[in-house]
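Below is one structure; the comments refer to it alone.
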Amino acid sequence: MRAITNTLSDKELQQRYAEFEKEAVPHLDAVYNFALRMTGDEDDADDLVQETFLKAFRFFDKFEKGTNCKAWLFRILKNSFINDYRKTTKEPNKVDYDDVQNFYENIKADEVETQHYEEDAFSNLLDDEISKAISELPEDFRTVVILSDIEGFTYEEIADFTDIPVGTVRSRLHRARKMLYVQLFDYAKDKGFVKKKNSSKKSG
Amino acid sequence: MELLEEITSYVDEELKDQNICCRMKKLITDDCVVRKEYMVQKCMKDLLRKRFACCKSPSGMNEKIFLYISRNINN
Numbered sequence: 608m609r610a611i612t613n614t615l616s617d618k619e620l621q622q623r624y625a626e627f628e629k630e631a632v633p634h635l636d637a638v639y640n641f642a643l644r645m646t647g648d649e650d651d652a653d654d655l656v657q658e659t660f661l662k663a664f665r666f667f668d669k670f671e672k673g674t675n676c677k678a679w680l681f682r683i684l685k686n687s688f689i690n691d692y693r694k695t696t697k698e699p700n701k702v703d704y705d706d707v708q709n710f711y712e713n714i715k716a717d718e719v720e721t722q723h724y725e726e727d728a729f730s731n732l733l734d735d736e737i738s739k740a741i742s743e744l745p746e747d748f749r750t751v752v753i754l755s756d757i758e759g760f761t762y763e764e765i766a767d768f769t770d771i772p773v774g775t776v777r778s779r780l781h782r783a784r785k786m787l788y789v790q791l792f793d794y795a796k797d798k799g800f801v802k803k804k805n806s807s808k809k810s811g
Numbered sequence: 375m376e377l378l379e380e381i382t383s384y385v386d387e388e389l390k391d392q393n394i395c396c397r398m399k400k401l402i403t404d405d406c407v408v409r410k411e412y413m414v415q416k417c418m419k420d421l422l423r424k425r426f427a428c429c430k431s432p433s434g435m436n437e438k439i440f441l442y443i444s445r446n447i448n449n
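Here the protein sequences come in this chain order: Z and B.
Quick note on the working numbering: the first sequence kicks off at 608 and runs consecutively.
Quick note on the working numbering: the second sequence kicks off at 375 and runs consecutively.
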């Protein structure tokens, strides 16, 4: 990365700090939250956020004022995650879409007792258990569910910074929530928060 | 758009066409399969939004970032 201090005077640099603090820093919590959900580790999230903000600062002249700074930061974070973080930690999760599709197709109504749709069944689950279920989703599915349900981005915004069509965002979101539901339902059942409808049907 | 994915769009208030919205409302009331899908999608969305939407960054992170920027800006 180039050194911007060679091209900016002290005054300009100070001005950039001030503008950056005003535009980008208010989104720190959201960026950290996204990093935490993507990496599943506080230290890794910390590093990823610092890298993201350093890159954002370096290229702050490329940011168009008046546009969505949060989305811009998220795009940088997502790219950093793919190009830097994931490369140095482990091989990216290869998503076998056929497997996901099969998994999804196999979620039959009788396997998931959906009379417990209400959040009551999940209200006793710990945040850690929900976090674990999120982190176990394939990365592409995890990304859309975080961006939509936790960060509140629209389909169009998600499509924009993940470089996938809106239809794919919608479809991944649908499947991600379904997978999450099955996973959380299992946790809730194991903990006794929900009872199996016909426990006798197993035997025989 | 498949019906199941249409349900997702409805949950996310991404359906722009009011006619489709009305049709979806009716289907949720009348069709138990559609209702089930709707409830699963909505339940997960609400759960995540309530539990995780307000996660704070660690204290001092702001200062740490500016320190990191000033240290690395010449590299």
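Glycine included, C-beta positions come from ideal geometry on N, C-alpha and C.
From a predicted model like this one, the values you see are computed outputs, not experimental measurements.
Checklist entry - For the putative contact between Z/A637 and Z/V656, defined by C-beta atoms under 8 Å, what is the C-beta separation to the nearest angstrom? => result Not a contact, Cβ separation roughly 10 Å.
Next on the checklist: Between Z/H634, Z/S738, Z/G647, Z/E630, which has its C-alpha nearest B/L421's C-alpha?
Outcome noted: Z/S738
Next on the checklist: Please list, in chain order, the chain Z residues whose beta carbon lies closer than 8 Å to that of B/N446.
Outcome noted: L661
Item to check | chain B contact residues for Z/L780, given Cβ-Cβ distances below 7 Å | outcome: T382
Next on the checklist: Determine, for B/S433, whether the minimum Cβ-Cβ distance to residues of chain Z falls below 8 Å.
Outcome noted: no
Checklist entry - Considering only C-alpha positions, which residue in the set Z/F667, Z/T659, Z/A625, Z/N731 is nearest to Z/F800? => result Z/N731
Checklist entry - What does Z/F681 reach in chain B if we use C-beta pairs closer than 8 Å? => result Within 8 Å Cβ-Cβ: nothing; Z/F681 doesn't reach chain B, min ~14 Å.
Checklist entry - In angstroms, rounded to a whole number, what distance separates the CA positions of B/I439 and Z/F660? => result 7 Å
Next on the checklist: Taking 8 Å as the threshold (beta carbon to beta carbon), is Z/N731 in contact with chain B?
Outcome noted: no
Checklist entry - When the Cα atoms are used, what is the spatial distance from Z/A766 to Z/A631? => result 21 Å
Checklist entry - DSSP three-state call for Z/F670: helix, strand or coil? => result coil
Item to check | Own chain residues within Cβ distance below 7 Å of Z/S755, not counting five before or after | outcome: I765, L780
Checklist entry - Which residues, taken in chain order from the stretch 732-758 of chain Z, show a beta carbon closer than 9 Å to some beta carbon of chain B? => result L732, D734, I737, S738, I741, V752, I753, S755, D756, I757, E758
Next on the checklist: At the 8 Å Cβ level, is Z/L635 part of the contact set with chain B, yes or no?
Outcome noted: yes
Checklist entry - With a Cβ-Cβ cutoff of 8 Å, do Z/I753 and Z/R623 count as a contact? => result no
Next on the checklist: Within 8 Å of any Cβ in chain B, is that where the Cβ of Z/L684 sits?
Outcome noted: no
Checklist entry - Between the stretch 380-394 of chain B and the stretch 776-791 of chain Z, do three or more beta carbon pairs fall short of 8 Å? => result yes
Checklist entry - Given Z/R682, which residues of its chain have a CB within under 7 Å of its CB, disregarding the five upstream and five downstream residues? => result F768
Item to check | Own chain partners of Z/A716 with C-beta closer than 7 Å, once the 5 adjacent residues on each side are dropped | outcome: Because Z/A716 sits at a pLDDT of 44, beneath the cut-off of 50, its placement in the model cannot be relied upon, and the point is left open.
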